[in-house]
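Here the structure comes first, spelled out in structure tokens, and everything after it is commentary.
Numbering (this note's numbering), first residue to last: 284 to 569.
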């Protein structure tokens, strides 16, 4: 099919950001929404592997606002304008349907929306985060065998980029260096783990136990009712683990679960450590 469309994406983004030229040749949300309307349903998932300025996400939000649809969108982008254009445009589209000079033309017209941003570790990031810990056995190996086999398999196994299981006792403090950045950035291990086990999250709740934060996910993984519990256990001794068990039982955190996964060690009845599962799923391709 061929149709004419004269909508101006540049004018739309200029109105939203209060300046022109924020992105080269952006598409207007009206233009993209016409394709979505003709090729999908109200509950479809719309995928755009070249997210650009965020026109596709904007169009989905606009359509859902107009016809009360339940469409979802997945945008993929490698450019730096993900942070400067794409994400801000999506947030602005959620807040208000019309903008002028970088400000909403209408208030109280926002739409309920939950947005998750995932940043994939790049090859350069992985190289930046590899650490080497030489051991005595290297002296007995020929150079080529040492470099290609032993060094990569053993001396780098504790690198954060390869998931340092020893650090899972403090999961909320896990960081990686990002290529070109001066400071390490936090890594969301719980969300990463959910994707690895295919957990369809039903609830996500945070509990407090005398200053200790518990992050608890409930959902289904491989058709089984699953609970995933995260807390910081660094430096814990037996009494702390006993108190941990008592808290989990008192709060009924594992009630109704067929599988209970918990980071680090635990005395929680029926629970198993997620640490080896995490490592295996990341690198064995299960």
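No residue lacks a Cβ here, since even glycine has one placed at the ideal position from N, Cα and C.
Annotated three-state conformation of residue 331 is strand, per DSSP. Secondary structure of residue 367 (DSSP, three-state): helix.
In the DSSP assignment, residue 472 falls within the alpha helix (DSSP H) that extends over 472 to 480.
Listed in chain order, the non-local C-beta contacts of residue 553 below 7 Å within the same chain comprise 537, 543, local neighbours out to five positions each way being set aside. Straight across, the Cα-Cα distance linking residue 320 with residue 473 is about 35 Å.
When DSSP reads this structure, residue 502 sits in a beta bridge with 484, 509. At the C-beta level, residue 290 and residue 314 come within 9 Å of one another. Between residue 316 and residue 345, the gap from beta carbon to beta carbon is short of 9 Å.
Secondary structure at residue 491: strand, using DSSP grouped into helix, strand and coil. Take the alpha-carbon of residue 504 and the one of residue 512: they are about 14 Å apart. Rounded to whole angstroms, the separation of the alpha carbons of residue 330 and residue 384 is 30 Å. Around the C-beta of residue 532, fewer than 16 other C-beta atoms lie within 10 Å, and the residue is accordingly described as exposed.
Remark: C-beta atoms of residue 370 and residue 332 do not approach each other more closely than 9 Å. Counting only runs of 3 or more residues that sit fully inside the segment 299 to 355, the beta strand (DSSP E) segments are 328 to 331, in chain order.
Collapsing the DSSP output to three states places residue 380 in coil. Contact holds between the segment 376 to 383 and the segment 343 to 357, because three or more Cβ pairs, one in each stretch, are under 8 Å apart. Between residue 517 and residue 453 the beta-carbon gap is near 5 Å, inside 8 Å, which marks them as a contact.
Within 10 angstroms of the beta-carbon of residue 390 lie fewer than 16 other beta-carbons, which makes it exposed.
Distance from the Cα of residue 309 is smallest, within the candidate group 322, 547, 334, for 334.
Membership of residue 554 in any alpha helix (DSSP H) is not indicated; the residue belongs instead to the beta strand (DSSP E) covering 554 to 556. For residue 536, no alpha helix (DSSP H) segment is defined, and its DSSP state is neither H nor E. Sequence-distant Cβ neighbours of residue 368 in its own chain, meaning closer than 6 Å and more than five residues away, are 305, 306, 336.
Straight-line measurement puts the Cα of residue 328 at about 11 Å from the Cα of residue 322.
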